[in-house]
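Beneath this line is the structure, given in structure tokens, with notes to follow.
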Amino acid sequence: MSIKRGADGVYSGTAFDPQRDMSYKLTVTENGDKMTTRGCIVAGLLCKAIDWTRIN
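Going by this note's numbering, the first residue of the sequence shown is number 103, and it counts up by one from there.
So, in structure tokens, the structure goes:
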């Protein structure tokens with residue numbers, strides 16, 4: 103996995119899944135207690151996002 107923080111605070115990069123032999127473009131955004139991860143394949147045409155909420 104290779105990920106870098108952009109000037110806008112959004113993290114972006116790539117991840118490789120060896121079981122599927124596929125690379126994904128990914129972004130991670132944070133807003134308070136919430137975080138969203140988004141991964142895309144096929145030049146960004148197929149994407150899935152997952153929202154996470156911090157618990158104490």
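For each residue, glycine too, the CB sits at the ideal point set by N, CA and C.
_Lys136 to Ile152 span [Cα, whole Å]_ = 11 Å
*Kindly list the residues whose CB is nearer than 7 Å to the CB of Thr155, restricted to its own chain and excluding five residues on each side of it in sequence; keep chain order.*
Asp135, Lys136
*Helix, strand or coil: how does DSSP classify Gly146 here?*
coil
*Close beta carbons around Gly111, own chain, < 8 Å, minus the five adjacent residues each side*: Thr131, Glu132
*Would DSSP call Met103 helix, strand or coil?*
coil
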